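Peer 1:
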Amino acid sequence: MEFENRHKNQKKKVCPVMKKCGGCRYQDISYERQLELKQAQVAKLLKPFCRVYPITGMEHPYHYRNKVHAVFDRLKDGTIISGVYEEKTHRVVPVDDCLIEDEKADAIIRDIRGMLRSFKIKTYDEDTGYGLLRHVLVRRGFATGQIMVVLVLGSPILPSKNNFIRELRKLHPEITTIVINVNDKKTSMVLGEKENVIYGKGYIEDVLCGQTFRISPKSFYQVNPVQTEKLYQKAIKLAGLTGKERVIDAYCGIGTIGICAANRAREVIGVELNRDAVRDAVRNAKMNEKKNISFYGADAGEFMTQMAAQGERADVLFMDPPRSGSSEAFMRAAVRLGPKRIVYISCNPETQARDLNYFTANGYRAQGAYPYDCFPFTGHTETVCLLVKSGKA
Ligand code: SAH
Numbered sequence: 000m001e002f003e004n005r006h007k008n009q010k011k012k013v014c015p016v017m018k019k020c021g022g023c024r025y026q027d028i029s030y031e032r033q034l035e036l037k038q039a040q041v042a043k044l045l046k047p048f049c050r051v052y053p054i055t056g057m058e059h060p061y062h063y064r065n066k067v068h069a070v071f072d073r074l075k076d077g078t079i080i081s082g083v084y085e086e087k088t089h090r091v092v093p094v095d096d097c098l099i100e101d102e103k104a105d106a107i108i109r110d111i112r113g114m115l116r117s118f119k120i121k122t123y124d125e126d127t128g129y130g131l132l133r134h135v136l137v138r139r140g141f142a143t144g145q146i147m148v149v150l151v152l153g154s155p156i157l158p159s160k161n162n163f164i165r166e167l168r169k170l171h172p173e174i175t176t177i178v179i180n181v182n183d184k185k186t187s188m189v190l191g192e193k194e195n196v197i198y199g200k201g202y203i204e205d206v207l208c209g210q211t212f213r214i215s216p217k218s219f220y221q222v223n224p225v226q227t228e229k230l231y232q233k234a235i236k237l238a239g240l241t242g243k244e245r246v247i248d249a250y251c252g253i254g255t256i257g258i259c260a261a262n263r264a265r266e267v268i269g270v271e272l273n274r275d276a277v278r279d280a281v282r283n284a285k286m287n288e289k290k291n292i293s294f295y296g297a298d299a300g301e302f303m304t305q306m307a308a309q310g311e312r313a314d315v316l317f318m319d320p321p322r323s324g325s326s327e328a329f330m331r332a333a334v335r336l337g338p339k340r341i342v343y344i345s346c347n348p349e350t351q352a353r354d355l356n357y358f359t360a361n362g363y364r365a366q367g368a369y370p371y372d373c374f375p376f377t378g379h380t381e382t383v384c385l386l387v388k389s390g391k392a
């Protein structure tokens, strides 16, 4: 079996919290073997539909995550810890550094933890609702170097706010924005509704496929930009655009795929549920001077159903649903809109296989699936699959 970017210098590192964290299921397995396992898993699921091409791996599969989330807690002896929830529980496993997370982000989280005592900031207790700091989220634009820190608090006031900002920025001058997010609910969701920008612009920017994107705290953005760029290039190539097409970018997030494809299409329509992401997408289109793209904030299934009911047509459909996959309402409407090509990007080959079942039973032929390792050391794989209209329902 042939892999692109075969990983040459496998470093031997072992994570002390591997078992409890559960994130890196493949950690004690060589990178080459990981790619083989992922290839086999995707092949098993998608081979019934089409050829599965060799997986594209990473040359340096470490510290690729541009987004790091840490939950804060206090031990019985008063020691403050930060890390991840133990798999399937709400116990916090302390993490100082992580094999796959951005190292700068980990350093920022460690330093915030070190500052809490002198600022008399207590960690939040999920059972009693007492305390302040719940989570810290750090996002870094790998291409721009811009860094966002989100402090998720149980109530809106951060004591000695200005000193806190000054101290943190002294330690990490690369931080370009700091946002307070208020989450006062008993919930396993990390981010709450309310936000207050206390330093900088409230978002960061990154560059992908030559286009600049702004990313707000609550907007989805791919966590591995190195692999995402390869994946998008493949997706856009598979779409076979000539400049004449009407394109739909469904589940579009901050508009990345549609904006990267806009120069090769007549018109692009993006649809996305998350309001903050839609706002980012609209600004991103403007920033990158794309005049032929428009974005709609809606459930993708409802939006497509409405388009189909109005007798609209589309030439190409990009779809990139969440792990749960698409809905039957979405796919039914997609078929009615009649795109010649559907480029289906997925972070879960199981739901993708389920959805390919629908499309291939309703007038589409799968022409090839291309796996990308966007999540080394974890059990996850991203795939892009091309479906072509065959005319036979
Ligand atoms: N294509 C984007 C985002 C993919 S992630 C990118 O590559 O960056 C999936 C996106 O689907 C998320 O932004 C999520 O907010 C959105 N989403 C989830 N359920 C949705 C629904 N029912 N309708 C529309 N968008 C949805």
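So the sequence shown is numbered by numbering that gives the first Met the number 0: it starts at 0 and just counts up by one.
Ideal Cβ positions, reconstructed from N, Cα and C, are used throughout, including at glycine.
Just so we're clear, the structure is a prediction, and the values are computed from it rather than from any experiment.
Could you spell out where the alpha helix (DSSP H) holding G300 opens and where it closes?
Peer 2: A299 to A308
Peer 1: Using a Cβ-Cβ cut-off of 8 Å (strictly less than) and excluding sequence neighbours within five positions of K200, which residues of its own chain qualify?
Peer 2: T175 and T176
Peer 1: I'd like the list of long-range same chain contacts for P320, defined as Cβ closer than 6 Å, with 5 residues on each side in sequence excluded.
Peer 2: Y250
Peer 1: Do K160 and I197 have their beta-carbon atoms positioned less than 8 Å apart in this structure?
Peer 2: yes
Peer 1: Do N283 and I253 count as a contact pair if the criterion is CB distance below 8 Å?
Peer 2: yes
Peer 1: Counting only runs that start and end within the stretch 128-184, where is the beta strand (DSSP E) found for 3 or more residues in a row?
Peer 2: Correct list: 132-139, 146-152 and 174-181.
Peer 1: Could you pull the DSSP bridge partners for E85 from this structure?
Peer 2: DSSP lists no partner for E85.
Peer 1: Considering F329, what are the terminal residues of the alpha helix (DSSP H) in which it resides?
Peer 2: E327 to L336
Peer 1: Return helix, strand or coil for Y30, following the three-state DSSP convention.
Peer 2: helix
Peer 1: What number of angstroms, rounded off, separates the C-alpha of E266 from the C-alpha of D298?
Peer 2: 20 Å
Peer 1: Does the count of Cβ pairs from the stretch 42-59 and the stretch 355-372 closer than 8 Å reach three?
Peer 2: yes
Peer 1: Roughly how many angstroms lie between the CA atoms of E86 and H134, to the nearest whole one?
Peer 2: 17 Å
Peer 1: Quick check: the Cα distance between Q38 and I28, rounded to an integer number of angstroms?
Peer 2: The alpha-carbon atoms of Q38 and I28 are separated by roughly 15 Å.
Peer 1: Quick check: what's the CA-CA separation for A427 versus P216?
Peer 2: Nothing can be reported for residue 427, as the shown portion of the chain is limited to 0 through 392.
Peer 1: Run the CB neighbour count on V41, radius 10 Å, all protein chains shown included, and call it buried at 16 or more, exposed below.
Peer 2: buried
Peer 1: Can the beta-carbon of A234 be found closer than 8 Å to that of V383?
Peer 2: yes
Peer 1: List the residues that DSSP assigns as beta-bridge partners of M318.
Peer 2: Note: M318 is bridge-paired with A249 and Y343 in the DSSP secondary-structure output.
Peer 1: So does the stretch 89-99 actually touch the stretch 62-81, counting three or more Cβ pairs closer than 8 Å?
Peer 2: yes
Peer 1: Quick one: any contact between the stretch 144-164 and the stretch 203-222, if contact means 3 or more CB pairs under 8 Å?
Peer 2: Touching, yes.
Peer 1: Alpha carbon to alpha carbon, how far is Y202 from D275?
Peer 2: 11 Å
Peer 1: The ligand SAH and V270: does any heavy atom of the ligand fall closer than 7 Å to the residue's C-beta?
Peer 2: yes
Peer 1: Please report the straight-line C-alpha distance between F294 and E194, rounded to a whole angstrom.
Peer 2: 23 Å
Peer 1: Going by the DSSP bridge assignment, what does T205 pair with across the sheet?
Peer 2: Note on residue identity: the sequence assigns Asp, not Thr, to residue 205. According to DSSP, which records beta bridges pairwise, D205 is partnered with F212.
Peer 1: According to DSSP, is N287 part of a helix, a strand, or is it coil?
Peer 2: coil
Peer 1: Closer than 7 Å: is that where the CB of N162 sits relative to any heavy atom of the ligand SAH?
Peer 2: no
Peer 1: Heavy atom of the ligand SAH less than 7 Å from the Cβ of G300, yes or no?
Peer 2: yes
Peer 1: Using DSSP bridges, identify the partner residues of H379.
Peer 2: Looking at the DSSP assignment, H379 forms no beta bridge with any residue, so it has no partner.
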